[in-house]
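Following: one structure in structure tokens, then a few remarks.
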Amino acid sequence: MLPYIKVKNLGKSYGKNEIIRDLSLDINSGEVIVFKGPSGIGKSTLLRSLTYLEPFQKGSIEVGNYVLNANLDRRKERETIRAVRTQLGFVFQFFNLFPHLTVIENLTLAPIQVLRKSKEEALEDAQKLLKKVGLEEKANFHPEQLSGGQRQRVGIARALAMKPKAILFDEPTSSLDPEMKGEIVRAMSDLASEGMTMLIVTHEPAVVEGIASRIVSFGAGLEVLSDSAR
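See the structure below:
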């Protein structure tokens with residue numbers, strides 16, 4: 001089976017500060033991979049590089065049939081970047097919901113604007129996703145009216161609204177209290193059972209290791225210290 005995501009000799013620096021040093025990594029469809037390691041070594045930067053939210057200076061990233069090369073021209077490769085971002089959903093540590101939009105509007109915005117879905121189709125899909133994460137009664141609430149766990153479940157539903165092939169989770173439980181962490185892990189476990197490919201960055205590996213099919217431990221420069229299946 002060919003890997004769905006291939007990271008080849010990836011290098012990322014901020015000025016003279018090298019964050020990612022010559023990283024190569026293959027990710028297969030259906031894998032749930034937990035990335036663990038000390039804070040500040042570049043785990044979140046790796047996720048952001050996969051979607052080119054963070055440009056990188058060396059190497060390449062393949063996502064399905066699309067290739068992102070180092071130092072690419074954003075204008076010339078705009079469609080490639082958009083295609084990759086459509087395939088890779090992103091769930092952020094601090095939710096990144098639009099505060100001025102309702103929950104249902106947060107879910108329908110990108111499908112309408114990016115996927116060109118009709119408003120009716122986007123609404124129907126969004127309602128199904130809110131039911132999936134147990135928040136159908138919160139459709140017309142604004143993010144500030146929700147708990148942290150509820151906002152993160154909205155974030156998961158919003159990522160799913162784009163029908164991604166994989167979802168990237170950047171510290172999905174770190175801002176939550178213990179009970180709310182359980183809500184999110186259950187939602188992620190359901191996705192894993194459905195075969196969703198997931199890459200999870202965390203400094204709390206014990207919280208999510210139970211759903212992992214593979215654990216990658218990083219050292220400085222994202223040197224792979226261990227890479228083990230479970």
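Those letters in the sequence shown? Residues 1 to 230, per my numbering, in order. Idealized CB from N, CA, C, for every residue including glycine. No experiment lies behind these values; they were computed from the predicted model shown.
Item: Proximity to N140 [Cα-Cα], best of A161, T173 and V103; Value: V103
Item: Presumed contact (8 Å Cβ cut-off) between T173 and S29, rounded CB distance; Value: Not a contact, Cβ separation roughly 24 Å.
Item: Whole-angstrom distance between K16 and L10, CA atom to CA atom; Value: 16 Å
Item: Straight-line Cα distance separating A157 from L123; Value: 12 Å
Item: Own chain, CB closer than 6 Å to K181, minus 5 neighbours either side, in chain order; Value: T173 and V207
Item: Residue(s) in a DSSP beta bridge with R214; Value: I33 and A229
Item: Segment contact flag, the region 85-100 with the region 143-159, C-beta cutoff 8 Å, min 3 pairs; Value: yes
Item: Where E179 sits in the DSSP three-state scheme; Value: helix
Item: 3-residue-minimum beta strand (DSSP E) runs that sit fully inside the region 85-123, ordered along the chain; Value: 88-91
Item: Option nearest D190 by Cα separation, candidates L160, I41, V216 and K76; Value: L160
Item: Nearest neighbour of R78, chosen from M162, V114, K43 and E183 [CA to CA]; Value: V114
Item: T51 - partner residues in DSSP beta bridges; Value: Per DSSP, none; premise fails for T51.
Item: The region 65-77 touching the region 213-227, judged by at least three CB pairs closer than 8 Å; Value: no
Item: Contacting residues, own chain, Cβ-Cβ under 8 Å from E18 (five flanking each side not counted); Value: G11, K12 and G221
Item: S39, DSSP secondary structure in three states; Value: coil
Item: Helix, strand or coil at L10 [DSSP, three-state]; Value: strand
Item: Any non-hydrogen atom of the ligand SAM closer than 7 Å to R116 Cβ; Value: You won't find the ligand SAM in this model; it holds no ligand whatsoever.
Item: 8 Å CB neighbourhood of P99 in its chain, flanking five on each side removed; Value: H142, P143 and E144
Item: Helix, strand or coil at E18 according to DSSP, with G and I counted as helix; Value: strand
Item: Whole-number beta carbon distance between I184 and K36, since they are thought to touch under 8 Å; Value: So it is not a contact: roughly 17 Å between Cβ atoms.
Item: Contact belief for L47 with L176 at Cβ below 8 Å, rounded distance in angstroms; Value: Their Cβ separation, rounded to whole angstroms, is 19 Å, which puts L47 and L176 out of contact at 8 Å.
Item: Delimiting residues of the beta strand (DSSP E) encompassing A206; Value: Counting along the chain, A206 falls outside any beta strand (DSSP E), though it belongs to the alpha helix (DSSP H) covering P205 to V208.
Item: Cα-Cα separation, K6 to A83; Value: 16 Å
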